[in-house]
Structures are given as C-alpha cells and as structure tokens.
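What follows is the structure, encoded as structure tokens:
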C-alpha cells in the first residue's frame with residue numbers, strides 16, 4: 035500500500051496538511067483561519083472513525099496490533115530504527131478521544147482567541163499530530179520524537195495565549211516534562227542497543243531483560259510518564275499550567291496530554307518490564323492512593339475553578355494509575371475507560387469554565403453565586419458535567435471508577451499489591467466521597483444562594499450575563515452525549531479494548547506465575 | 181659528578197636566575213638584557229648536547245636578531261625606561277601556588293622514570309649533524325611537508341601583521 | 255622526489271593553499287570590488303569541496319607517513335570546507351555593514367581552512383603542530399579584524415596570548431612523547447608505546463590534551479572563549495566556533511586513537527572528568543548570560559563537553575568506531591546548527607553594537623516569522639530536542655557512551671541538556687512571548703545561510719540515515 039494512504043499514516047499526518055493550508059491564509063482573515071482549522075480537525079475525526087469502524091480494516095476482536103504501517107527508516111551503522119505505526123485496543127479509544135477533542139477545542143476558541151489566530155491554529159494542529167503520533171508509534175525512537183514534540187506546541191500555546199504568569203508556567207511545564215523524558219531517552223537507547231531493535235512489539239516478544247536492569251529501565255520510563263500523568267509528588271507543574279493555559283489548551287492538556295503518561299505506562303512499562311512491574315505495583319498503587327486523597331483534599335481548599343479542576347485531575351488520574359497497576363482485566367479496562375472519562379468530563383468542565391470566564395474574566399468561584407437563575411442552560415450542563423466528574427451512577431465517571439475499584443480490590447486479594455492488600459481499594463473509595471464534597475461545594479457556591487458580586491461587576495461594563503449560545507452548546511453537546519452513553523451503556527467501549535486488555539493481563543499473569 | 185653534569189647545573193641555574201630577573205626587573209632594557217642571558221644559557225645547553233648547529237642558530241637568531249629587536253623597540257617607543265606599575269597583581273600567590281604544584285607534580289611523576297640512567301647513543305662515525313638536518317628539511321622522506329607548510333604559514337602571518345599594523349588614510 | 259601519490263593524498267589542501275596565495279595577489283593588485291574577492295574565495299572553497307568529495311572512498315598515505323587520506327579526513331575536510339563556505343556567506347554583507355570590508359579577510363579565512371584541513375590529515379605530531387599554527391594565526395588576526403573597536407582588538411590579543419600559551423603545552427607534550435618513543439609519527443608512537451615505559455608518554459599525552467583543550471574550549475581551559483567570541487566580529491565568531499572546534503577535535507581524535515590506545519586506561523578517566531566538568535560548567539554559567547554572543551560562547555563550551563564524551567571510550571576497540579562515528583555526526587550537527595544560530599545573531603546585530611542582548615530578541619516572531627522560527631529550531635537543536643538534528647546527534651552520542659559502559663557520564667550529559675534547556679528557551683520566550691522592536695538586516699546570502707541551516711536541521715533529523723552512514727564509514731586508516 036502506498037505510504038500516505040496507509041490509514042494510520044494518513045490519520046496522524048493529516049493535521050499537518052491543515053498546517054500547510056493555514057500557512058497560505060493571511061493572518062488577518064480570522065474566520066477563514068478558524069473554519070479551515072475546524073474543517074481539517076473534523077476531517078481528521080471522520081478519518082479516525084472511518085479507519086476504525088467503517089473501513090473494515092480494523093478488527094476489534096483481534097487483540098494484536100493492527101493497521102500496521104512499518105517501513106525501515108534508519109538501518110545503517112548498527113541502527114535498527116523503523117517507521118512503525120499500529121493501533122490496538124489499548125490505544126484506539128485514546129486516538130478517538132484525541133480526534134474528538136481537537137475540533138471541540140478549536141470550536142471553543144471561536145471568540146476566546148482573537149489575537150494571533152493563525153499561529154494558534156497552527157500550533158493546535160501540530161499538537162494534534164504529535165499526540166496522535168504518540169498513540170500510534172510502535173518504534174521507541176519514533177515514539178520518543180512524537181513524545182517530545184508534543185511539548186513544543188503546548189509550550190507555545192501556554193506561553194503566548196496564556197494568563198499573566200504564562201511564561202513561568204510554560205517554562206515549568208517544559209522543564210518538568212523534559213526532566214522525565216531525558217532519563218527515558220537513556221533507557222530507550224539501552225533497550226535499542228541491547229535488544230538490537232527499537233520495535234516495541236519485538237522487544238516485548240524477546241523479553242529476557244535481567245531483573246535488576248529491568249528495575250532501572252522501569253524507573254527511567256516511569257520518571258517520564260509519572261511526571262506527565264502527573265503522579266503525586268511530581269504534580270506541581272499541573273496547576274500552574276492549567277491556570278495559565280488558554281481554555282482550549284487546558285482542554286487538550288487535561289483531556290489528552292495527561293493520558294500520554296498513563297498510556298505510556300500501559301503500552302511500555304507494563305509489557306516491557308513485567309518483573310519490575312510486579313515489584314513496583316504496590317509502590318505505584320501507594321503513590322496513586324496518596325494522589326487520590328491528596329488531590330481531593332487540596333481541591334477542596336481551592337478557590338480558583340481551574341486550580342480546583344487541576345487538583346481534581348491529580349485525584350482522578352490516581353484512580354487510573356491504581357487501576358493500571360492492579361494488573362488484572364478489570365483494573366486495566368477500568369483505567370483505560372477512566373482515561374477517556376476524565377478526558378471527557380474534565381475537558382467539558384474546562385470548556386464550561388472558559389465560557390463563563392469569557393464573560394466575567396474571573397475564575398474565583400466565591401464571587402459567583404445564584405447563576406442558576408440567570409443561566410439555566412449553563413447551570414444544567416455544568417451540573418451534569420460535575421456529577422459525571424464526581425462519579426454519580428448512571429454517568430460515565432461511575433463506570434470507570436467502579437471498575438477500577440473492583441480491579442484494585444481483586445488485585446489486593448490476589449496479592450499483586452503485596453503488603454498493601456485491599457487497603458488501597460478501600461482508601462481510594464474515600465476519594466470518591468471527597469470528590470462529591472469539593473465538586474458540590476463549588477457548584478453550590480457558583481449557582482445557588484444570592485447573586486454574587488460578579489453579576490454586578492459585569493453589569494458595570496454595560497452588559498449582563500447571557501446564557502450559552504448555540505455555538506457553545508454545540509461545543510459541549512457531544513461530550514454530554516458521551517457522558518450519558520458511557521454511563522448507561524458502556525459495553526461497546528469495553529468491547530473495543532477487551533481483547534487487548536485481556537491479552538495484556540494474561541501474558542502478565544503468566545509472567546507473574548513464572549516468577550512465583 | 182662528571183664535568184658535563186656540572187656544566188649543566190651551572191647553566192640551568194643561570195637560565196632560571198636570569199629568567200626570573202626578566203620578569204621581575206622594572207627596567208625594560210635590563211629585562212631585555214637578562215633575556216639575552218637566558219637565551220645564551222639555552223645555547224650552551226644545546227652545545228653540550230652535541231647540537232652545535234642549533235646552538236649557533238640560537239645565538240644568531242634569538243640573541244642577534246630577536247633580543248636586539250626588543251631593545252630597539254623598547255628604546256624607540258618608550259620615553260621612560262622603567263615600568264612604574266606594580267609588578268604583581270592580587271592573584272600572584274595563586275599562580276605561584278599553581279606553578280609550584282605543577283612543578284612538584286611533574287618532579288614527582290618523572291622521578292619514577294627509568295630513562296635518567298640510560299646513556300645516550302653515540303653518533304656513528306663521520307656523522308654530520310648539519311648536513312643531516314639540511315637533508316631532512318628538504319627531503320620528501322622527512323620534513324619537506326612541514327617545511328613548506330611553514331612558509332605558507334609565515335605568509336599568512338605576514339599578511340595578518342601588515343593588516344593589523346598598517347595605518348590607512350582616515351584612521352588616526 | 256615526492257611521488258604522485260603524495261600529491262594526491264594532499265590534493266585538496268594544496269589546491270586551496272595555492273588558490274589562497276593567488277587570491278592574495280589578485281586582491282592586492284587587480285580586484286577593486288571586495289565582493290569579488292569573496293566570490294573567488296567561495297569558488298576556491300567550492301572547487302576544493304568538489305575535489306574532497308571526489309576522494310570519498312579513497313585511502314592513501316603520503317610524504318612518508320606525514321599525512322594520510324582516509325574516510326575520517328575526507329569527512330572532516332568536507333565539513334571544514336562547508337563551514338568555510340558558510341563563513342564567507344556570513345561575512346559577505348556583515349563586513350560591509352561593519353565597515354571592515356577588506357580582501358585580507360577572505361585570504362586569511364582560506365589560509366585558516368588550509369590549516370584545518372591539514373590538521374585532519376596529519377599523522378605526524380610535527381605536522382599537527384604546524385597545521386594548528388596555520389589555522390590559528392589567521393584566526394587571531396580575524397578576531398582582531400575590526401581594528402577600530404577596542405573589544406575586537408582585545409579579543410584578538412587575548413586569543414593570541416592564550417593560543418600561544420596553549421601551543422606551549424602542545425609542544426612540550428610533543429617533546430615528551432618524542433622523548434618516550436623517539437618518534438613523532440603516530441603509528442611509530444603506537445608501536446613504541448606498547449614496548450616502553452609509559453610514564454613520559456602519559457604526561458606528554460596529557461599535555462597534548464591540554465594544548466588542544468584550549469583550542470576546543472574545554473573546561474578548565476575555556477576562559478578565553480566568552481571574551482573572544484564576544485569581542486570578535488560576529489561572522490568570525492561563527493566561523494571560528496565551528497571550524498577551530500572541528501579541527502581541534504579531529505586532530506585530538508586521530509592522535510589519541512592512533513597513537514595512544516596503550517595508555518587509554520589513564521586517559522579515559524581524565525577525558526571522562528573533563529567531559530563532565532565541561533558540560534556542567536558550560537551550561538550552568540550560560541544561564542546567567544544576558545548577551546547572546548556570550549551565551550552562545552558558553553553553549554559552545556558545553557558542546558565541546560558533549561563532543562569530548564565521544565572520546566571517552568576511545569581505547570575500547572569494540573566501541574571506538576561507534577564513538578568516532580558518533581563524534582563525527584555530532585560535529586556535523588553542531589556545524590549546521592551553530593552557523594544557523596550565528597547567522598540569526600548577525601541578522602539582528604547593528605553597526606553600533608546594538609542588538610546583541612537576549613532582550614533585543616523580544617517579539618521577533620511577530621516582526622519576522624521566518625527568522626524567529628529558524629532561531630527556535632536552532633535553540634531546540636542545541637538543547638537536543640526533536641525534531642532536530644541536535645537530538646539525533648545526542649541520540650547517537652549517548653548510544654556510544656552507553657555502549658562503552660559509561661552510563662554515569664550519559665546521565666550527567668542528559669542532566670546538562672536539561673539545564674541547557676533553561677537558557678536556550680529564554681531566547682524562545684523572548685521571541686514569542688514578549689513584546690519588542692528591532693531592526694533586522696536582510697541580505698540574500700545571510701538569509702540563505704540561516705534558512706538552509708534551519709531546513710537542514712529539521713530535514714536531516716527526519717532522514718539521518720545517509721549521514722549516519724557517512725559518519726560510520728569515515729574510519730581512521
């Protein structure tokens with residue numbers, strides 16, 4: 035098949051075509067720029083749907099890597115680097131999430147980004163290519179390039195269109211993430227040299243890395259991913275980045291970029307270093323549990339909505355990590371679904387926050403109040419998203435968290451968590467309750483009670499708060515739809531990933547058995 | 181102790197002493213004169229090593245040309261023959277310490293070397309060092325390449341020197 | 255009589271030397287417009303480059319083992335000629351703007367390239383020494399080329415004094431090596447070294463290392479670098495920072511790998527420490543710089559440290575070829591990136607010396623997109639960030655180090671890169687995220703230089719295979 039018509043190549047690099055188009059549109063024609071970017075990202079979304087569902091090229095019941103695009107790339111002087119893309123049940127949902135969130139984010143910038151629209155859209159589409167590349171790359175070298183590359187556009191998105199402390203936040207984001215990935219670089223080199231290939235499936239198949247070296251490699255990879263997730267105690271860049279980033283940046287940051295870290299664990303750490311994974315499982319679970327409780331507790335103390343959501347992300351991603359390292363099908367499937375859920379709910383929350391911020395220019399929720407009467411549509415949507423984020427049964431968050439807790443409980447009983455036992459699951463369950471507290475507290479402050487001072491503040495400028503318009507509702511609607519769909523009928527989503535997840539858990543339990 | 185060793189020790193002492201005077205004396209002409217003593221000492225060393233030609237070259241070029249040029253330059257450009265500034269800067273003790281340390285280190289390292297007791301191989305009879313040197317300089321079997329490159333090098337240095345020193349119209 | 259083979263071995267060097275002499279005469283007596291001198295100099299470099307490329311795959315030795323032609327020297331010579339061409343391109347408009355347009359500039363530059371090329375081919379310490387002088391003396395003059403500026407004169411003088419000082423170390427080292435092995439020929443030294451006591455040889459090798467350490471600006475012999483890089487005309491700095499570095503490293507590699515494997519056990523530790531200290535100190539001090547030229551000077555010191563890493567496993571025959579190839583690739587990557595960065599600096603520099611602060615880059619992106627994007631590419635490449643050639647170079651380099659079993663050094667290297675991200679990104683922050691005004695010089699050859707460098711920095715990183723191949727095929731004879 036021709037290089038560019040390989041489905042995953044096409045999907046990954048299609049946004050670059052948009053970048054090329056944008057370069058030819060003069061910077062003054064803002065609407066043309068917006069429409070072009072939106073169209074390109076929508077087509078990318080359609081391509082992703084076509085690739086996975088309509089074309090018949092992807093077989094969801096097959097647990098192996100599919101849609102393989104594999105070509106020799108650098109094959110000289112002892113290097114064995116390939117251009118190798120593929121997808122399986124572990125990545126398919128994340129790819130779809132990426133292609134869905136990008137057009138939504140672009141649509142959300144319609145009025146929010148008035149300055150330097152062209153550059154904004156260029157960086158955004160570059161970012162999409164980078165993220166898709168991370169999810170489909172199966173060669174460590176290629177993966178590393180995409181992985182690092184996602185930093186650059188995000189750095190500019192925060193640094194140019196961000197809030198008052200944007201430069202500090204952008205630099206912190208960049209340096210933190212880079213600090214982790216440079217250690218991963220050395221580990222990648224070690225694997226590539228010793229294994230004779232950079233191909234991930236091949237390395238997994240070969241196996242045979244001595245246990246003590248596995249441990250170091252595991253730590254090096256985990257350093258990169260844990261910072262990105264971010265796991266407690268490496269999370270301090272996240273609130274800064276979220277608060278300063280523009281709305282669309284926050285959506286993508288929370289929705290997709292953080293998932294790069296958790297995805298990295300499930301794609302690389304767990305299958306590549308099974309013995310080290312077993313050894314590390316209780317420790318990671320411990321950190322995850324601390325993160326869940328810590329994130330929830332700190333969220334309660336926040337008064338800035340974005341900061342609150344940022345810390346709640348630390349808590350939610352703690353659940354994901356707990357599920358991943360339960361190392362059983364329930365835990366892994368729940369964790370992957372929860373990655374999607376978090377992307378949808380938190381993304382939606384950031385979008386809603388962005389919409390109100392555009393009108394009020396403040397994110398301190400204590401100055402709001404009584405918005406329910408003024409903005410009923412906004413309030414309703416906000417309520418649904420909040421409830422989804424705290425894990426109300428019938429909405430998506432519940433499905434993910436419940437499955438994860440099931441998995442963690444099982445892992446505790448089967449001894450994967452060693453000394454931790456079922457305590458991790460038990461304590462983490464507290465996190466769900468704490469989430470209900472801080473989210474409802476925020477909701478109550480914003481929408482109930484007497485009218486907040488911000489309402490008058492806005493009136494002073496000659497206009498009053500308006501409810502959401504059609505564009506804004508259109509932005510949020512697909513996410514609301516998914517919240518209900520996953521909440522009420524999650525089976526299709528589980529079916530998509532089940533074969534791959536089962537395969538991973540199976541090979542895993544085989545390795546675990548061999549060890550004991 | 182052999183005569184050669186005694187001569188070496190005396191010459192070495194003279195070289196070191198005069199070199200020290202070069203950098204410490206405040207009178208520039210005196211410094212240049214001390215430099216001549218140093219260079220002459222080096223010529224003596226060459227002579228004791230059977231390198232007669234080099235010794236002569238040393239005297240003719242370094243003393244006869246370069247040191248004399250120094251004296252001319254000093255006399256033509258300076259109105260006062262004594263340097264009035266301080267001879268040492270604040271960091272002198274540091275550099276002295278580093279120099280001593282390096283010297284001590286080298287002495288310590290080299291003292292373990294076995295080459296001191298070896299006798300130098302004798303020249304074959306009828307060996308003409310000057311002729312051998314001359315041949316070596318222009319023979320493709322030996323040093324013709326460095327010899328030729330050195331001439332290009334000197335040309336480049338000449339161009340550079342002219343450019344740096346040449347005063348053009350309109351410049352002060 | 256010298257044989258034809260002798261001349262063939264040195265053909266490009268001889269052609270360029272003759273061309274330089276002829277250009278000197280033409281420029282003095284015939285040429286009125288100095289732009290023509292520049293074009294002729296570039297033509298000479300281009301012709302020599304063609305000759306050098308025609309020598310790919312050849313291997314011979316000439317002048318009874320004084321010089322050699324092999325894959326290594328061809329690679330280095332091609333690199334030197336490219337950097338000579340880029341040096342002319344950078345200077346072409348710059349010297350006019352600064353009011354120092356003189357024909358000698360180009361002749362001296364050619365002489366310097368002659369020395370650099372000879373250095374890569376030298377297999378005798380005497381030739382190494384002469385070649386080093388051949389490349390250095392024109393550079394001293396070029397550094398002081400802007401005679402009316404005190405800073406430039408100071409740079410020239412400082413460079414000269416410290417250069418002479420370092421040559422002293424080199425000659426002392428050569429003498430001791432000669433004393434230990436009774437030869438200045440590298441392979442004869444190698445043969446003698448395995449049979450005699452190695453103490454003098456080790457001291458001699460260490461002194462030679464010090465001598466080259468000054469040339470390539472390795473800590474602790476780096477003190478001259480920031481002042482000279484800052485004071486010298488920027489076009490000279492750009493040329494000097496790659497040309498002199500490549501030449502120094504090329505000679506160092508050849509001398510150590512050919513003559514001194516016997517004392518690798520001692521040298522490896524020294525090289526390890528020098529590389530580590532250079533990377534750390536260079537990057538740390540660069541953080542506090544506010545002048546772009548000084549910042550790039552410290553950055554070049556830090557990069558000397560990275561390149562020095564490639565030397566550490568030189569005594570291990572299994573790894574040495576990989577590490578030499580990695581070093582060569584990194585040098586090539588550095589040349590491209592470095593010239594691009596200096597090109598951008600020149601585009602912003604004003605005749606009155608303004609435009610050289612990092613803060614002068616504020617808002618550059620919103621004035622001149624291409625220039626700022628190019629500079630961003632160069633900064634990312636210097637950090638070692640994808641998708642740039644600098645990242646691929648680091649990848650290769652760290653592979654060699656890990657292969658050789660020096661994981662500790664590799665970790666120091668990546669941490670140093672992280673530190674460096676901080677100050678390189680500051681330039682990017684200024685260009686994109688702050689507001690400012692600046693005057694930008696537009697000039698065809700200059701624009702071409704940074705434009706092509708930026709393109710290559712990205713393009714080669716996506717298809718590095720051929721350069722990997724060339725670097726790995728460029729073995730020592």
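Chains as they are written, first to last, in our numbering: chain A, 35 to 550; chain B, 181 to 352; chain C, 255 to 731.
For every residue, glycine included, the Cβ atom is placed at its ideal position computed from N, Cα and C.
Cβ contact check for the stretch 397-406 of chain A and the stretch 475-490 of chain A: 3 or more pairs under 8 Å: yes
Closest Cα partner of residue 107(A) within the set 173(A), 535(A), 222(A), 424(A): Indexing the first chain from 1 puts residue 107(A) at position 73. The shortest Cα separation from residue 107(A) among 173(A), 535(A), 222(A), 424(A) belongs to 173(A).
Interfacial residues, the stretch 329-340 of chain B to chain E, with Cβ spacing under 8 Å: This model lacks chain E altogether; the protein chains it does include are A, B and C.
Where residue 266(B) meets chain C, residues with beta-carbon distance less than 7 Å: For the purposes of this step, residue 266(B) is taken as the residue at position 86 of the second chain. Residues of chain C passing the Cβ test: none, with the nearest at roughly 20 Å.
Terminal residues of the beta strand (DSSP E) in which residue 116(A) lies: Numbered from its first residue, the first chain carries residue 116(A) at position 82. 115-121 is the span of the beta strand (DSSP E), which, as asked, contains residue 116(A).
Terminal residues of the beta strand (DSSP E) in which residue 62(A) lies: Along the first chain, one-based indexing puts residue 62(A) at 28. No beta strand (DSSP E) contains residue 62(A), which DSSP labels as neither H nor E.
Of the listed residues 692(C), 338(C), 607(C), 665(C), nearest to residue 625(C) (C-alpha basis): Translated into the one-based positions of the third chain, residue 625(C) becomes position 371. Checking every option, the nearest Cα to that of residue 625(C) belongs to 692(C).
Identity of the residue in 365(C), 458(C), 471(C) nearest residue 416(C) by Cα: Counting from 1 along the third chain, the entry for residue 416(C) is found at position 162. When each option's Cα is compared against that of residue 416(C), the closest is 471(C).
The stretch 321-330 of chain B contacting the stretch 276-285 of chain C, beta-carbon criterion three pairs below 8 Å: no
Runs of alpha helix (DSSP H) lying entirely within the stretch 283-316 of chain A, each at least 4 residues, in chain order: 292-298
Inter-stretch contact at 8 Å, needing at least 3 Cβ pairs: the stretch 363-382 of chain A / the stretch 289-299 of chain A: yes
Neighbour list for residue 675(C) in chain A, Cβ cutoff strictly below 8 Å: Position 421 of the third chain, counted from the start, is the residue given in the question as residue 675(C). Near residue 675(C) (Cβ distances below 8 Å), the residues of chain A are 208, 209, 212.
is_contact[residue 665(C), chain A] using C-beta, thresh 9 Å: Here the question's residue 665(C) lines up with position 411 in the third chain. Chain A contact via Cβ: present.
Through-space distance from residue 306(C) to residue 259(C), alpha-carbon basis: Numbered from 1 along the third chain, position 5 holds the residue referred to as residue 259(C). Numbered from 1 along the third chain, position 52 holds the residue referred to as residue 306(C). Rounded to the nearest angstrom, the two C-alpha atoms are 15 Å apart.
Residues within the stretch 169-188 of chain A neighbouring chain C, beta-carbon criterion of under 9 Å: 175, 178, 179, 180, 181, 182, 183, 185, 186
Below-9 Å beta-carbon distance, residue 415(C) vs any chain A residue: Residue 415(C) sits at position 161 when you count from the first residue of the third chain. With 9 Å as the cut-off, residue 415(C) does not count as an interface residue toward chain A.
Own chain residues within Cβ distance below 7 Å of residue 570(C), not counting five before or after: Here residue 570(C) refers to the residue found at position 316 when the third chain is read from its first residue. The answer, listed in chain order, is 658.
One or two residues paired with residue 376(C) in a DSSP bridge: Position 122 of the third chain, counted from the first residue, corresponds to residue 376(C). Bridge partners of residue 376(C): 321(C).
Exposure label - residue 60(A); buried when at least 16 CB within 10 Å: Position 26 of the first chain, counted from the start, is the residue given in the question as residue 60(A). Residue 60(A) comes out exposed.
Chain B contact for residue 553(C) (CB, 9 Å cutoff): For the purposes of this step, residue 553(C) is identified with residue 299 of the third chain, where counting begins at 1. No, residue 553(C) does not count as interfacial toward chain B.
First and last residue of the uninterrupted beta strand (DSSP E) at residue 103(A): Counting from one through the first chain, the residue named residue 103(A) turns up at place 69. It spans 100-108 - the beta strand (DSSP E) in which residue 103(A) sits, taken as one unbroken run.
Distance, residue 492(A) Cα to residue 460(A) Cα: The residue you call residue 460(A) lines up with position 426 of the first chain. The residue you call residue 492(A) lines up with position 458 of the first chain. Straight-line Cα distance between these residues: approximately 46 Å.
Residue 318(B) classed as buried or exposed, judged by whether at least 16 other C-beta atoms fall within 10 angstroms: Residue 318(B) sits at position 138 when you count from the first residue of the second chain. With fewer than 16 other Cβ atoms within 10 Å, it is exposed.
Burial state of residue 264(C), where buried means 16 or more other Cβ atoms lie within 10 Å: Position 10 of the third chain, counted from the first residue, corresponds to residue 264(C). Buried, since its Cβ has 16 or more Cβ neighbours within 10 Å.
Whole-angstrom distance between residue 339(B) and residue 352(B), CA atom to CA atom: Reading the second chain from its first residue, position 172 is the one you call residue 352(B). Reading the second chain from its first residue, position 159 is the one you call residue 339(B). With a pLDDT of 48 at residue 352(B), under the threshold of 50, the predicted position of this residue should be treated as unreliable, though the coordinate-derived value follows. Roughly 21 Å separates the two Cα atoms.
Chain-ordered residues of the stretch 683-710 of chain C with a beta carbon less than 7 Å from chain A: 683, 686, 687
Residues that residue 723(C) contacts on chain A, provided the C-beta gap is smaller than 9 Å: The residue given as residue 723(C) occupies position 469 in the third chain. Result: 110, 111.
First through last residue of the alpha helix (DSSP H) which encompasses residue 458(C): As a position in the third chain, residue 458(C) is number 204, starting the count at 1. Here the alpha helix (DSSP H) through residue 458(C) covers 453-470.
Own chain residues within Cβ distance below 8 Å of residue 315(B), not counting five before or after: Reading the second chain from its first residue, position 135 is the one you call residue 315(B). Answer for residue 315(B): 322, listed in chain order.
DSSP bridge partner residues for residue 611(C) (one or two, in chain order): For the purposes of this step, residue 611(C) is taken as the residue at position 357 of the third chain. Bridge partners of residue 611(C): 545(C).
Test: residue 252(C) CB closer than 9 Å to a CB of chain A: Residue coverage of chain C in this structure runs from 255 to 731, which leaves residue 252(C) outside it and unanswerable.
Which residues DSSP lists as bridging residue 171(A), in chain order: Reading the first chain from its first residue, position 137 is the one you call residue 171(A). The partner list for residue 171(A) (beta bridge, DSSP) reads 119(A).
Residue 681(C) CB to nearest heavy atom of the ligand HEM below 8 Å: With respect to the ligand HEM, the structure offers nothing, as it holds no ligand at all.
Burial state of residue 282(B) (16 or more Cβ within 10 Å): The residue you call residue 282(B) lines up with position 102 of the second chain. Exposed, since its Cβ has fewer than 16 Cβ neighbours within 10 Å.
Residues that DSSP places opposite residue 316(C) in a beta bridge: As a first step, residue 316(C) is located in the third chain; it is residue number 62 there, counting from the start. 321(C), per the DSSP bridge assignment.
Assigned exposure category for residue 308(A) - 16 Cβ within 10 Å defines buried: Residue 308(A) sits at position 274 when you count from the first residue of the first chain. Flag for residue 308(A) reads buried.
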